[in-house]
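Colleague: The structure is given below, and queries will be raised subsequently.
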Amino acid sequence: MVNRTKNKAIGETLDIVNTIVDSSITVTGTDDFACIAGSEVIIITASAGQIITGREDLLPYNIPIAKEISKRIKKYANNSKVIVVTNPVDVITYCILKESGLPRENVIGIGSSLDSSRFRYLLSKLLRTNQSMIDGMVLGEHGNSMVPIFSTTKFNGKPINLEKNQIDQTTSELRNYWKPMKEFKGASVFGAAKHSYDVAKAIIHNEKLKISSSVLVNGEFGVSDVCMGVPVIIDKNGTSKIEEINLDKSELVSLNISAEIIKKNIKKI
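In structure tokens form, the structure reads like this:
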């Protein structure tokens with residue numbers, strides 16, 4: 114674990130080692146980026162602080178951090194797979210991809226996968242069922258323009274039919290899900306950690322994980338040169354495939370609008 118404050122990194126490792134008692138893995142805390150040399154997977158969570166009114170508020174503070182980390186990755190670990198958690202995750206993922214020089218399949222942002230989990234949770238409450246019975250995902254920005262894909266969502270393997278007011282309410286709750294967390298505890302921790310773990314595990318063990326994640330799209334869904342949440346397959350190669358699922362017209366329009374919003378923020382890099 115690398116942190117700008119060495120003692121903070123050491124303190125975190127003293128906690129983390131208690132979660133891996135059945136493994137021979139060792140955890141080291143340091144402020145020396147040279148220690149990332151040879152890393153198979155790097156997870157970036159560094160941030161200047163917490164959200165003020167929206168994730169994009171962190172952009173002017175986290176871009177310099179992302180650029181500095183990218184330089185170190187380029188120097189010490191230019192064959193690694195990089196998982197990005199830092200917000201605004203789509204823009205930061207794009208920044209790290211471009212600044213590090215890594216191939217596009219090597220840089221993956223955690224955002225829409227977390228949104229997809231929240232989407233399934235909200236639907237499970239609405240339908241009064243277990244989350245495991247819901248199959249659905251969210252695409253686009255990890256932010257206010259995120260696009261829940263109702264047209265392909267299924268309950269127990271069958272398409273769900275919701276009233277417009279239910280769709281609107283679920284979409285609103287999803288886009289504002291982070292707000293009570295921000296008010297009550299500061300930020301999402303466990304959800305982001307779980308999805309980061311899932312992606313890292315899929316890379317290390319070549320698991321062919323199907324998930325929505327922020328990656329660079331070049332023509333998929335009619336969008337180019339932007340990192341945003343799309344359906345992907347994650348394996349030992351990182352993003353091995355982007356799956357262009359069928360969207361209805363309104364979802365495709367919303368996804369393109371979401372992409373343009375991300376692009377506007379990318380121009381601030």
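The sequence shown lines up with residues 114 to 382 when you count with our numbering.
Cβ coordinates follow ideal geometry from the N, Cα and C atoms, glycine included.
No experiment lies behind these values; they were computed from the predicted model shown.
If D203 sits next to M341, beta carbons under 8 Å apart, how far is it from one beta carbon to the other, in whole angstroms?
Modeller: The Cβ separation is near 5 Å, so the contact holds.
Colleague: To the nearest angstrom, how far is the alpha carbon of N269 from that of R233?
Modeller: In a straight line, the C-alpha of N269 is about 12 Å away from that of R233.
Colleague: Relative to the alpha-carbon of I149, which residue among E296, I186, N131, G332 has its alpha-carbon at the smallest distance?
Modeller: Nearest of E296, I186, N131, G332 to I149, Cα basis: I186.
Colleague: Given that a residue counts as buried once 16 or more other Cβ atoms are within 10 Å of its Cβ, and exposed if not, what is F297?
Modeller: So F297 ends up on the exposed side.
Colleague: First and last residue of the beta strand (DSSP E) that includes L365?
Modeller: No beta strand (DSSP E) contains L365, which is instead part of the alpha helix (DSSP H) from 362–379.
Colleague: I'd like to know if the segment 273–293 and the segment 197–215 are in contact, where contact means that at least 3 CB-CB pairs between them fall below 8 Å.
Modeller: Segments in contact, no.
Colleague: Would you list the one or two residues that DSSP bridges to M341?
Modeller: Bridge partners of M341: V328.
Colleague: Can R231 and L171 be called in contact, C-beta distance under 8 Å?
Modeller: Against a cut-off of 8 Å, the Cβ pair of L171 and R231 comes out as no contact.
Colleague: Could you say if the segment 122–141 and the segment 174–193 meet the contact criterion of at least three C-beta pairs nearer than 8 Å?
Modeller: In short, these stretches do not touch, since the Cβ pair count stays below three.
Colleague: According to the Cβ coordinates, are A190 and I155 closer than 8 Å?
Modeller: Taking 8 Å as the Cβ cut-off, A190 and I155 qualify as a contacting pair.
Colleague: So, S325 versus V260, is the Cβ gap smaller than 8 Å?
Modeller: The answer is no: Cβ separation not under 8 Å.
Colleague: Measure from the alpha carbon of S264 to the alpha carbon of each residue in H255, G249, G253, then state which is nearest.
Modeller: Comparing Cα positions, the closest option is G249.
Colleague: Return the chain-ordered list of same chain residues with a C-beta closer than 8 Å to the C-beta of L365, the five sequence neighbours on each side being excluded.
Modeller: Excluding residues within five positions, the ones whose Cβ falls inside 8 Å are F334, G335.
Colleague: Verify whether the separation of the beta carbon atoms of E212 and S371 is less than 8 Å.
Modeller: No, the pair does not count as a contact, with Cβ atoms beyond the cut-off.
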